[in-house]
Amino acid sequence: MFQTPFFRRDLPALEGETIRLRPPLSQDHAEWAALREESRAFLEPWEPRWAPDELSRRAFRERLKRYHDEYDQGTGISFFLFEQAGGRLVGGLSLTNIRRGVAQSAHVGYWLGERFAGRGLMLEALRLVIPFAFDTLRLHRLEAACIPKNTRSMRLLEKAGFQREGLLRSYLRINGVWQDHYLYALIAGEHQVYSRRG
-11 MFQTPFFRRD LPALEGETIR LRPPLSQDHA EWAALREESR AFLEPWEPRW
39 APDELSRRAF RERLKRYHDE YDQGTGISFF LFEQAGGRLV GGLSLTNIRR
89 GVAQSAHVGY WLGERFAGRG LMLEALRLVI PFAFDTLRLH RLEAACIPKN
139 TRSMRLLEKA GFQREGLLRS YLRINGVWQD HYLYALIAGE HQVYSRRG
């Protein structure tokens, strides 16, 4: 369990100007599966290889169970992103590998449906999650990793205030291949500087 009074079973939504972040629910399956399927070619180069039943209701239930277990154990929090106007699902964002003790850190991961890319939605989502991670969860460090040829993700992280710290060789198996990744990080206090810059 999270060692902080801020955590309850009913994790609140994070409200932005154009998007809203809330934990995934079982009734999100159909919209999630449709968005992922239509964005498959857009997403697959940057993600672990999809299972044959990746979009099935059973696989989605297992995904939700993993999200709940991570939340209960204090190791992760997952959100789906929805448009404020119309309520359409646009993507997802997770804080995973949350470590307490001397680390006080977490890893940020995200995905966006192809038709919603290029509109600044994920940047807004990060700008909602970053203060939540530092001010509510009281973390000290956020990390993110991206494949060197994923220039869109690198620009996003840099706009959100993350700094590149180095190259992780053969770091993650993405789409069936072990890939190098750049490591990006943001330290508590730095996000306030970027928030003031707008």
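Just so we're aligned, residue -11 is where the sequence shown starts under the working numbering, counting upward by one.
A virtual CB, placed ideally from N, CA and C, is assigned to each residue, including glycine.
Since this is a predicted model, take the numbers as computed values, not measurements.
{"Query": "When DSSP labels each residue in this structure, what does H56 get in the three-state scheme?", "Result": "helix"}
{"Query": "Could you compute how far the alpha carbon of G74 sits from the alpha carbon of V90?", "Result": "43 Å"}
{"Query": "If L116 sits next to L77, beta carbons under 8 Å apart, how far is it from one beta carbon to the other, in whole angstroms?", "Result": "The pair is not a contact, with the Cβ atoms about 16 Å apart (cut-off 8 Å)."}
{"Query": "I need the straight-line Cα distance from Y98 to G177, nearest angstrom please.", "Result": "22 Å"}
{"Query": "So, at 6 Å on beta carbons, what are the nonlocal neighbours of R8 in its own chain, with the 5 sequence-adjacent residues on each side left out?", "Result": "A1, F70, Q72"}
{"Query": "Pull up the distance between the alpha-carbon of L100 and that of I135, whole angstroms please.", "Result": "16 Å"}
{"Query": "Near L43, which residues of its chain fall below 7 Å by C-beta distance, leaving aside the five closest residues on each side in sequence?", "Result": "A21, R24, E25"}
{"Query": "What residues in its chain sit with their C-beta under 6 Å from that of T41, if we drop five residues either side in the sequence?", "Result": "Residue identity differs from the one stated: residue 41 is Asp in this sequence, not Thr. Correct list, in chain order: A47."}
{"Query": "Start and end of the alpha helix (DSSP H) containing L116?", "Result": "109 to 119"}
{"Query": "Using three-state DSSP, classify L144 as helix, strand or coil.", "Result": "helix"}
{"Query": "Which residue's Cα is closest to the Cα of A132: Q92, T84, G108?", "Result": "T84"}
{"Query": "Considering only their Cβ atoms, is the gap separating D16 from F68 smaller than 8 Å?", "Result": "yes"}
{"Query": "Work out the CA separation of S82 and R10 for me, nearest whole Å.", "Result": "11 Å"}
{"Query": "Who are the Cβ neighbours of N163 in its own chain at under 8 Å, not counting the five residues just before and after it?", "Result": "E32, P33, W34, E35, P36, R37"}
{"Query": "Tell me whether E71 sits in a helix, a strand or coil according to DSSP, three-state version.", "Result": "strand"}
{"Query": "Alpha helix (DSSP H) containing Y1: first to last residue?", "Result": "Checking the sequence, you will find Ala at residue 1 rather than Tyr. From DSSP, A1 is part of no alpha helix (DSSP H); its letter is neither H nor E."}
{"Query": "Take L144 and list the residues in its own chain whose beta-carbon comes closer than 8 Å to its own, dropping the five residues that flank it on each side.", "Result": "M110, L111, L114"}
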